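Numbering (full-length UniProt numbering) for the sequence shown: 1 to 173.
We treat Cβ as the ideally placed atom computed from N, Cα and C, and that holds for glycine.
Since this is a predicted model, take the numbers as computed values, not measurements.
First up is the structure itself, then whatever we jot down about it.
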Amino acid sequence: MTFPAVRLSSQARAAVRRVGAALYPGPVDDAAEVARRCAETMYARDKVAQDLAMEVVEVAPGRARLRMAVSETMVNGFGIAHGGYVFLLADSAFAYACNTHDAVTVAASADVVFVASARAGDVLEASASERVRFGRSGIYDVTVRRVPDGDVIAEFRGGSRSRGARVIGGEAL
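See the structure below:
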């Protein structure tokens, strides 16, 4: 995984280190490191993502990008990718994005609009980004595109709800 640089003031870095030392085993330097460790923890437990050979391409606080190849077994009777698999990829990117803050967070709602079809052999990439977090709730947008042409396949919006547990070092729910 590659991570974009996160710029924090020296005061913010010091505060993150103090909080991180109290909450997490091992060194945690900044929010990008927390996001990376959350993604690693989730992926280790995410049997669906592993079975479908999803790749976590990038994570950052409030963001995630996942990639998946459409296999022959994902194609419906019309020869196109079943919408459920496209939704699953978008939902997975949403899950990784909303769990980057180290609070176990689940979907409260989700809507998808299918814009174009994908076929066996296509590689799809879902990019999720946090729009707003308020209290224990959040709203995230996800765009699913075909790689490498960038054609939009689907647009997804998810509402999230945090459950109060930690992702890093926490038990599977």
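Exercise. Nearest to phenylalanine 94 by alpha carbon, out of Val147, Phe134, Arg65, Arg119?
Worked result: Locating residue 94 in the sequence shown gives position 94, counting from the first residue. Among Val147, Phe134, Arg65, Arg119, the Cα nearest to that of phenylalanine 94 belongs to Arg65.
Exercise. For glutamate 58, is the classification buried or exposed, using 16 other Cβ atoms within 10 angstroms of its Cβ as the cut-off for buried?
Worked result: Start at 1 with the first residue of the sequence shown, and residue 58 comes out as number 58. Glutamate 58 should be labelled buried.
Problem set entry | Status (buried if at least 16 other CB within 10 Å, exposed otherwise) for threonine 105 | Locating residue 105 in the sequence shown gives position 105, counting from the first residue. Burial is judged here by how many other beta carbons sit within 10 angstroms of a residue's own beta carbon; threonine 105 has at least 16 and is buried.
Problem set entry | Cβ neighbour criterion (16 or more within 10 Å) applied to asparagine 99 | Your numbering for residue 99 matches position 99 in the sequence shown. Its Cβ being crowded by 16 or more others within 10 Å, asparagine 99 is buried.
Exercise. Using the C-alpha atoms, what's the distance from alanine 165 back to leucine 124?
Worked result: Taking the first residue of the sequence shown as position 1, residue 124 is located at position 124. Taking the first residue of the sequence shown as position 1, residue 165 is located at position 165. Going by the C-alpha atoms only, they are around 31 Å apart.
Problem set entry | Residue range of the unbroken beta strand (DSSP E) whose run includes serine 162 | If you number the sequence shown from 1, residue 162 lands on position 162. Counting along the chain, the beta strand (DSSP E) containing serine 162 begins and ends at 152-162.
Exercise. Should valine 132 be labelled buried (16 or more other beta-carbon atoms within 10 Å of its own) or exposed?
Worked result: Looking up residue 132 in the sequence shown gives position 132. Valine 132 is exposed by the Cβ-count criterion.
For this session: With distances taken Cα to Cα, identify the nearest neighbour of arginine 63 among Asp149, Ser162, Ala126.
Result: Taking the sequence shown and counting its residues from 1, the one referred to as residue 63 is at position 63. Looking at the Cα atoms, Ala126 is the closest of the given residues.
Exercise. Alpha carbon to alpha carbon, how far is threonine 2 from isoleucine 139?
Worked result: Counting from one through the sequence shown, the residue named residue 2 turns up at place 2. Counting from one through the sequence shown, the residue named residue 139 turns up at place 139. Low per-residue confidence applies at threonine 2: pLDDT is 42, beneath 50, and the placement is therefore not dependable enough to give any value.
Exercise. For arginine 136, does the three-state DSSP call read helix, strand or coil?
Worked result: Position 136 of the sequence shown, counted from the start, is the residue given in the question as residue 136. In the structure shown, arginine 136 sits in coil (DSSP, three-state: anything other than H, G, I, E or B).
Exercise. Alpha helix (DSSP H) containing methionine 54: first to last residue?
Worked result: As a working mapping, residue 54 is identified with position 54 in the sequence shown. That residue, methionine 54, is in no alpha helix (DSSP H); it is neither H nor E in DSSP.
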